[in-house]
Structure formats: structure tokens, C-alpha cells
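So the structure is just underneath, and the comments pick up after that.
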Amino acid sequence: MAYELHFAPLQGYTDAVFRNAFAKYFGGVDVYYTPFIRIEKGDFRRRDLRDLEPEANRVPELVPQILPGTPDELRRLAEAVQAKGYRAADINLGCPFPPIVGKRKGAGMLPHPDLVEEVLRATEEFPEMLFSLKMRLGWEEGCECMNLVDAINSLRLRHVTVHARTGKQQYKGPTNPEAFAAFYERCRQPLFYNGDLLSPEDIHSIRERFPLLRGVSVGRGFLSSPFMGAECKGIAVPIGNERANVIFDFHNELLSVYSERLQGEAQLLSKMKSLWEHFLPETDRKLLKQIHKSNRLETYREAVRKIFQP
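As numbered in the numbering used here, residues 282 to 591 make up the sequence shown, in order.
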């Protein structure tokens, strides 16, 4: 099977508007994932379910990611995505944010192998669905994943994606390919690598080191280098002014669609300015500062225009 590139979900960024625009302008991605869907105060968040609507998504393949903390939550989440017509779901055991971890969800579940196994066993109640798993090396130590590998091997999973950091690291500090290698040797599921893949060269290096990988999962790297997927697939990409124009068109489509959906200029500015936390990090710092200081849409537009049309 062909080596696959998956777009890892980024909470607050990769909603349906972003996914559709990215697929339209850049491509190179085989599978997109929704930011995780969870049960909060006993119910689903409406915006999570709206983001799932099939008619709102125009990407090659979309997989909903779910964040269960108990077997019952997994059942409810699986049933919810099923009701929207999906036959695949990705289970999040990787989110490192304290409010999630404190509820023994995401990476906070990793120090509790019995709970992990109990939750994952509930997938067997949905034989018509394909489940995958997103996890980290552990919560505190990179070897914690080895306590889970036998249980993971015993399940019927589409694949497993491992972010090569611990939960405590969040997104900081070095990845740990050595700890990943130990899991790679023992895991019998199709495996994806995730973590600090910021260039085609990074992907090539990981592919050479771990030749049996099914593929890689890229998150922030697709924001900082949006043509990376196409470049890795050998798809011709624009250069020079044409390249800048495509990225500018992508940005303007986001701005246009969000302006129709968000309420008020302040909300729109907040959404667009957050994009630049990871988008095109090589941008001149003075222009980035102008973007983040913009308090009116007109000044924001002018700062962005200077980047693409100096």
C-alpha cells in the first residue's frame, strides 16, 4: 500500500472551513481528522457535531476523532459519528492539556493501562466500524507505551499513530525516536509517526529510519509549510510569486468564509490572528507584529497584504 500522509487535528485550527480550503489550495493529504469530539457536562458540544456534517466537508477522506474517558463515553461518541454517516473514528489518547488530563482523558489515561484496555475493548461492540488510535509515548516516561502494546496488538484497529513525546512535554522539548523505536518493534498494528515533522526532509528521515511505517501524521508542519504534502508526493507545486499568490488566496478564502460565520469583527480578527501563531513562521517579524497588534479588520488586511504583495 502507498505511504500515507495524514493531517493531524489541531484544536482551534483545523475545522471544516480550514480543511476544505487546505485541500483545495495545497493537497497532498490522504486523510484529515476533526479536532476531538467529547462529551461535556453530559452532552455533546453542538459545534463539534456541526463540524462533522458530511455536506460541510469537501476533503478526500475525513475521520472524526473522539475523546472518551469511559467505555460508555466511547459507545456514545461512536454512535454519534455513526449517525452522521461515518464508519471510522480515531480515539484520542494523546491530548496533553491539563483540563483534559485531569479527567483521565487523552494522555491522562496512559498511566492507567487497565482503564485504557477497558475503554478500547468497547470498540469490539461496533464490528461495522473501523477504529484507529492516536497516543503518546506515555504521560511521564517514554516507556509507558510498552505497558499498552500487547493490549493494542490484540485489538482490531485500522492503525495506531504515536506522537513521539510524553504528555508532560505537551509540544515542547525534543521528540524521542528511541522510545518510539521500542514501540515500533513490538507493535503489530499499522503504525504512523507524529511529532516535529516540519519539512519533506524530516518525513524522509523518519521514513528511512522506520521503513515499515504505514505513513506519518503531520500537524503544525502543514501550517508552517502548507505545500509539504504535495512536495512529498511528488506533485508539482508553484514557485516564486505564483506560490505566494496561492497562499494569499488560501488566506483570503479563510477570511471570507469565517466572516460569514463568525459574529462581529472582533471575533473574526481573533480567529484570523490565531492562525499566524504557526502559519508561515519565516514571515518578517515586523509584519507579524503588525498582524497581532491589529484591532481593526482594515489594518489586519493591510498587514497581510504587505506579506504577499510587498
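For each residue, glycine too, the CB sits at the ideal point set by N, CA and C.
All of these numbers come straight from a predicted model, not from anything done at the bench.
Check, Outcome
"Got a sec? Which residues, its chain only, sit under 6 Å from residue 355 by beta carbon, not counting five neighbours each side?", "349, 400, 403"
"Are the segment 324–339 and the segment 286–293 touching, with three or more C-beta to C-beta distances below 8 Å?", "no"
"Count the other CB atoms, across all protein chains shown, that sit within 10 Å of the CB of residue 545; report buried if there are 16 or more and exposed otherwise.", "exposed"
"Would DSSP call residue 416 helix, strand or coil?", "strand"
"With a Cβ-Cβ cutoff of 8 Å, do residue 337 and residue 534 count as a contact?", "no"
"So, with DSSP's three-state summary, where would you put residue 497?", "strand"
"At 3 residues or longer, and completely inside the segment 294–325: list those beta strand (DSSP E) runs for me, N to C.", "312–314"
"Starting from the N-terminal side, write out each stretch of the alpha helix (DSSP H) that is 4 residues or longer and does not extend beyond the segment 395–470.", "430–434, 458–467"
"With a CB to CB cut of under 6 Å and the five nearest residues on each side skipped, what residues in its chain are close to residue 531?", "302, 306"
"Which same chain residues end up closer than 6 Å to residue 501 when comparing Cβ atoms and leaving out the 5 residues on each side of it in sequence?", "559"
"Would you please verify whether the beta carbon of residue 412 is less than 8 Å from any beta carbon of chain B?", "No chain B is present in this structure, which holds just one protein chain."
"Tell whether a beta-carbon distance below 8 Å holds between residue 472 and residue 499.", "no"
"Could you check the C-alpha separation between residue 360 and residue 345 for me, to the nearest Å?", "12 Å"
"Do the segment 386–393 and the segment 431–442 meet, that is, are 3 or more Cβ pairs less than 8 Å apart?", "no"
"From the DSSP output, in three-state form, read off residue 573 for me.", "helix"
"Whole angstroms is fine: what's the gap from residue 557's alpha carbon to residue 507's?", "13 Å"
"Please report the Cβ distance between residue 294 and residue 371, rounded to the nearest whole angstrom; I am assuming they are in contact, meaning their Cβ atoms lie under 8 Å.", "Contact doesn't hold; Cβ gap of about 17 Å is too wide."
"Name the DSSP beta bridge partners of residue 287, please?", "312, 498"
"Relative to the alpha-carbon of residue 466, which residue among 452, 409, 493, 523 has its alpha-carbon at the smallest distance?", "493"
"Would the beta-carbon of residue 511 fall within 8 Å of that of residue 518?", "yes"
"Under 8 Å by Cβ, that's how I've got residue 496 and residue 444 pegged, so tell me the actual separation to the nearest angstrom.", "Actually they do not touch by this definition, with Cβ atoms about 14 Å apart."
"Looking at residue 520 and residue 589, is the spacing between their C-beta atoms short of 8 Å?", "no"
"Comparing C-alpha positions only, which one of 384, 341, 335 sits nearest to residue 322?", "384"
"Does the Cβ of residue 388 have 16 or more other Cβ atoms within 10 Å, making it buried, or fewer, making it exposed?", "buried"
"Hey, would you say residue 422 sits closer than 8 Å to residue 447, going by beta carbons?", "yes"
"In angstroms with no decimal places, state the Cα-to-Cα distance between residue 375 and residue 430.", "15 Å"
"According to DSSP, which residues form a beta bridge with residue 373?", "415"
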